[in-house]
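Numbering-wise (the working numbering), the sequence shown opens with residue 4 and increments by one.
Glycine included, each C-beta is placed from N, C-alpha and C at the ideal position.
None of these values were measured; they are calculated from a predicted model.
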Amino acid sequence: MSVRVRFAPSPTGYLHIGNVRTALFNYLFAARNKGTLILRIEDTDKERSKNEYAAQIEKDLHWLGIRWNEGPDIGGKYGPYKQSERMSHYHDAADKLIKAGKAYYCFCSTEELEKMKKEAQAKGLAPKYDNRCRKLSEADAKKRIAGGVKPSVRFKVDEGIVQFEDLIRGPVQFEMGLFGDFVILRPDGMPTFHLAVCVDDGLMKVTHVIRGEDHLPNTPRHILLFRAMGFEPPKFAHLSLIMGKGNEPLSKRLGAMSVQEYRQTGYLPDVIDNYIALLGWAPGDNREIFMLKELEQAFSLDRVGKSSSIFDLEKLNWLSGEHLRRMSDDAFVAKSIDYLKSQNAMPKFTDESKLRGLLLIFKDNIVHFDELIDRLAIFDPEAKMMDAEILKQPQVSEILSTLKGYFEALGAGDRPDYDALNQKLKASVKAKGKELFMPLRVALTFRAHGPELKRILPYLNKELCLKRIYAATAQHV
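In structure tokens:
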């Protein structure tokens with residue numbers, strides 16, 4: 004049977020690093036095996052699920068280059084692909100399980116269930132349902148339902164061992180006596196995650212389930228459900244968690260933003276794909292830089308590790324810088340302009356035809372496109388003075404005086420020449436090294452850091468430089 008995998012997000016929020024990795028690994032596994040990727044929207048949480056989240060999930064996946072073969076937008080043989088449109092399947096499955104004696108109606112109230120939980124905790128036991136409603140006769144159950152009581156439906160879990168071969172973790176087994184019978188249909192008629200996911204995976208003929216290790220305890224329940232409904236259980240692969248540095252839970256503070264936020268920051272989609280692929284997977288050689296097409300050829304589950312992955316923003320930024328430097332100049336300029344336009348940040352002090360040269364100055368000097376907004380300000384006649392404290396040093400007056408003389412001597416249409424300016428400074432100023440070049444940079448760009456002055460100076464005219472030198476002189480005094 005050909006490979007069939009699925010990515011099944013809940014539209015209760017935006018895509019973040021963890022679920023993007025699940026999507027990417029499913030996509031790469033399908034691509035490598037010439038299989039099928041299904042996008043299935045698990046929107047049975049009525050209160051939290053929103054259409055805007057579902058729409059954004061699709062947009063984010065498309066931006067990352069992740070394409071699916073079946074899904075809500077394109078249909079497919081086993082649709083519909085939104086769980087809210089598949090309720091009849093879940094109810095049919097629950098009815099068949101009840102008739103087969105593999106599930107039963109449960110009339111326990113929330114208060115009763117809470118009492119059971121507290122009693123178990125008081126005895127130092129793991130909370131589990133005591134299966135009391137198993138004993139109800141069919142006649143008693145029908146009488147209660149006829150009286151207006153809305154039951155849940157529980158799946159029968161008998162004692163014994165469930166074992167399976169995890170494609171990442173190897174042999175795994177669970178003692179089912181520790182679980183208790185679990186709910187598959189709630190009193191309001193909504194399926195639980197357990198029922199919905201197994202019905203859908205079974206009917207959609209999913210062959211491999213690649214998901215986070217937080218789902219590992221669900222897997223024995225799902226295997227029992229698959230078998231009870233007559234489906235062959237898929238093969239399972241559980242991905243390790245992604246943690247922050249120091250094994251802290253991943254958070255926005257540690258760099259875990261939504262896909263939209265990475266996009267707005269100006270990362271390339273290939274950078275995000277590249278970095279996320281390396282969170283748990285290793286190619287087996289020393290390569291670290293991949294485009295998505297290269298990942299499709301290189302990825303394999305047998306090189307996905309069991310240990311937690313550490314999200315490292317510095318590593319992400321290093322990868323991003325490497326991708327930018329490997330772009331052609333034309334591609335870099337085009338992507339830069341696209342980004343600036345998307346953020347309504349096109350510089351007003353120059354036109355698009357003259358912007359190319361300015362942008363290329365920063366190709367080796369940024370790690371994502373949003374840095375361009377600030378960096379381009381060094382060419383803005385209205386830029387504000389920064390790092391003025393560097394101009395307070397005593398040797399600065401000599402530097403400023405020499406600068407003033409050099410620029411005043413230029414003709415109206417002359418462009419400053421860095422080598423000529425450097426020679427004049429060396430001949431006239433005692434300061435050397437940082438004592439010379441830091442004040443020089445601040446005087447001409449209003450910034451202490453940035454690309455080489457030699458690359459910047461040709462784009463600064465006489466009038467702008469003199470204006471800034473006068474402002475720097477005022478700061479020095």
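Decide if residue 85 is buried, meaning its Cβ has at least 16 other Cβ atoms within 10 Å, or exposed. In the sequence shown, the residue the question calls residue 85 occupies position 82. Label assigned to residue 85: buried.
I want to know whether the region 163-174 touches the region 141-153 - three or more CB-CB distances under 8 Å. no
Extent of the continuous beta strand (DSSP E) run through residue 108: Translated into positions along the sequence shown, residue 108 becomes position 105. Element bounds for residue 108: 106-109.
Residue interval of the alpha helix (DSSP H) (run including residue 123): Taking the first residue of the sequence shown as position 1, residue 123 is located at position 120. Taken as a continuous stretch (DSSP letters only), the alpha helix (DSSP H) holding residue 123 covers 113-125.
Short Cβ contact (8 Å threshold) for residue 452 with residue 394: Residue 452 sits at position 449 when you count from the first residue of the sequence shown. Residue 394 sits at position 391 when you count from the first residue of the sequence shown. No; because the gap between Cβ atoms is not below 8 Å, this pair is not in contact.
Residues in the same chain with beta-carbon distance under 6 Å from residue 123, minus the five sequence neighbours each way, listed in chain order, please. One-based indexing of the sequence shown puts residue 123 at position 120. Around residue 123: 130.
Cβ pair residue 450, residue 282 closer than 8 Å: The residue you call residue 450 lines up with position 447 of the sequence shown. The residue you call residue 282 lines up with position 279 of the sequence shown. No. Outside cutoff.
Pick out whichever of 101, 431, 292 and 317 has its Cα sitting closest to the Cα of residue 187. Here residue 187 is taken as the residue at index 184 of the sequence shown, counted from 1. Out of 101, 431, 292 and 317, 101 has the C-alpha closest to the C-alpha of residue 187.
Taking the alpha helix (DSSP H) that residue 263 falls in, what are its first and last residues? Working through the sequence shown from its first residue, we reach residue 263 at position 260. Start and end: 262-268.
So, residue 61 versus residue 46, is the Cβ gap smaller than 8 Å? For the purposes of this step, residue 61 is taken as residue 58 along the sequence shown, with counting starting at 1. For the purposes of this step, residue 46 is taken as residue 43 along the sequence shown, with counting starting at 1. No, the Cβ-Cβ distance between residue 61 and residue 46 is not below 8 Å.
Three-pair Cβ contact test at 8 Å for the region 348-358 versus the region 375-390: Pairwise C-beta distances place the region 348-358 in contact with the region 375-390, as three or more of them are shorter than 8 Å.
My parser needs the beta strand (DSSP E) runs of 3 or more residues fully inside the region 147-196; what are they? With a minimum length of 3 residues, the continuous beta strand (DSSP E) runs that stay inside the region 147-196 are 155-158, 164-169, 173-178 and 185-188.
Give the DSSP-derived three-state secondary structure of residue 71 in the structure shown. The residue you call residue 71 lines up with position 68 of the sequence shown. DSSP places residue 71 in coil when its eight states are reduced to three.
Got a sec, what are the start and stop residues for the beta strand (DSSP E) residue 42 sits in? For this step, residue 42 is matched to residue 39 along the sequence shown. 39-42 is the extent of the beta strand (DSSP E) around residue 42.
Roughly how many angstroms separate the alpha carbons of residue 171 and residue 264, rounded to a whole number? Numbered from 1 along the sequence shown, position 168 holds the residue referred to as residue 171. Numbered from 1 along the sequence shown, position 261 holds the residue referred to as residue 264. In a straight line, the C-alpha of residue 171 is about 31 Å away from that of residue 264.
Residue environment, residue 422, which counts as buried when at least 16 other CB atoms sit within 10 Å: Here residue 422 refers to the residue found at position 419 when the sequence shown is read from its first residue. The residue in question, residue 422, is exposed, as its Cβ has fewer than 16 Cβ neighbours within 10 Å.
Assumed close pair residue 368, residue 286 - CB separation to whole angstroms, cut-off 8 Å: Counted from its first residue, the sequence shown places residue 368 at position 365. Counted from its first residue, the sequence shown places residue 286 at position 283. Contact doesn't hold; Cβ gap of about 29 Å is too wide.
For the beta strand (DSSP E) holding residue 240, just list the boundary residues, first then last. The sequence position of residue 240 within the sequence shown is 237, counting from 1. First-last of the beta strand (DSSP E) with residue 240: 238-242.
Is the beta carbon of residue 232 closer than 8 Å to that of residue 96? The sequence position of residue 96 within the sequence shown is 93, counting from 1. The sequence position of residue 232 within the sequence shown is 229, counting from 1. Against a cut-off of 8 Å, the Cβ pair of residue 232 and residue 96 comes out as a contact.
For the beta strand (DSSP E) holding residue 371, just list the boundary residues, first then last. Along the sequence shown, read from residue 1 onward, the residue named residue 371 stands at position 368. Unbroken run through residue 371: none, as it is neither H nor E.
Please report whether the beta-carbon of residue 54 lies at a distance below 8 Å from any beta-carbon of chain B. This model lacks chain B altogether, as it is built from one protein chain only.
Per DSSP, residue 10 forms a beta bridge with which residues? Along the sequence shown, read from residue 1 onward, the residue named residue 10 stands at position 7. According to DSSP, residue 10 bridges with 42.
Residue 243 and residue 345: beta carbons closer than 8 Å? For the purposes of this step, residue 243 is taken as the residue at position 240 of the sequence shown. For the purposes of this step, residue 345 is taken as the residue at position 342 of the sequence shown. No, the Cβ-Cβ distance between residue 243 and residue 345 is not below 8 Å.
May I have the straight-line CA-CA distance separating residue 204 from residue 28, to the nearest angstrom? Residue 204 sits at position 201 when you count from the first residue of the sequence shown. Residue 28 sits at position 25 when you count from the first residue of the sequence shown. Spanning the two alpha carbons is a distance of roughly 18 Å.
If you follow the beta strand (DSSP E) that residue 359 is in, where does it begin and where does it stop? Numbered from its first residue, the sequence shown carries residue 359 at position 356. Not the beta strand (DSSP E): residue 359 falls in the alpha helix (DSSP H), residues 355-364.
In angstroms with no decimal places, state the Cα-to-Cα distance between residue 49 and residue 92. By 1-based counting over the sequence shown, the position of residue 49 is 46. By 1-based counting over the sequence shown, the position of residue 92 is 89. Those two C-alpha atoms are separated by around 18 Å.
Determine which residues share a DSSP beta bridge with residue 19 and list them. Indexing the sequence shown from 1 puts residue 19 at position 16. Answer by DSSP bridge pairing, in chain order: 261.
Note down the Cα distance separating residue 140 from residue 198, rounded to an integer number of angstroms. Here residue 140 corresponds to residue number 137 of the sequence shown, with the count starting at 1. Here residue 198 corresponds to residue number 195 of the sequence shown, with the count starting at 1. Approximately 24 Å, taken between the alpha carbons.
First and last residue of the uninterrupted alpha helix (DSSP H) at residue 399: Walking along the sequence shown from the start, residue 399 turns up at place 396. Residue 399 -> alpha helix (DSSP H) spans 399-411.
Tell me which same chain residues have a C-beta within less than 8 Å of the C-beta of residue 335, skipping the five on either side of it? As a working note, residue 335 is residue 332 in the sequence shown. So the qualifying residues of the chain are 327, 362, 363 and 366.
Could you tell me the alpha carbon to alpha carbon distance between residue 426 and residue 359, rounded to whole angstroms? If you number the sequence shown from 1, residue 426 lands on position 423. If you number the sequence shown from 1, residue 359 lands on position 356. Whole-angstrom Cα-Cα distance: 29 Å.
Taking residue 211 as part of the beta strand (DSSP E), name the residues at either end of that continuous run. Position 208 of the sequence shown holds residue 211. Note, residue 211: beta strand (DSSP E), 211-215.
Quick check on DSSP: helix, strand or coil for residue 274? Indexing the sequence shown from 1 puts residue 274 at position 271. Three-state result, residue 274: helix.
Which residues in the same chain have their Cβ closer than 7 Å to the Cβ of residue 458, if we skip the five residues on either side of it in sequence? The residue you call residue 458 lines up with position 455 of the sequence shown. Contacts found: 364.
By the 10 Å Cβ neighbour count, where 16 or more other Cβ atoms means buried, how is residue 41 classified, buried or exposed? Numbered from its first residue, the sequence shown carries residue 41 at position 38. When all chains shown are included, residue 41 counts as buried.
Please confirm whether residue 177 and residue 223 have their CB atoms less than 8 Å apart. On the sequence shown, residue 177 is found 174 positions in, with the first residue counted as 1. On the sequence shown, residue 223 is found 220 positions in, with the first residue counted as 1. In contact: residue 177 and residue 223 (Cβ atoms closer than 8 Å).
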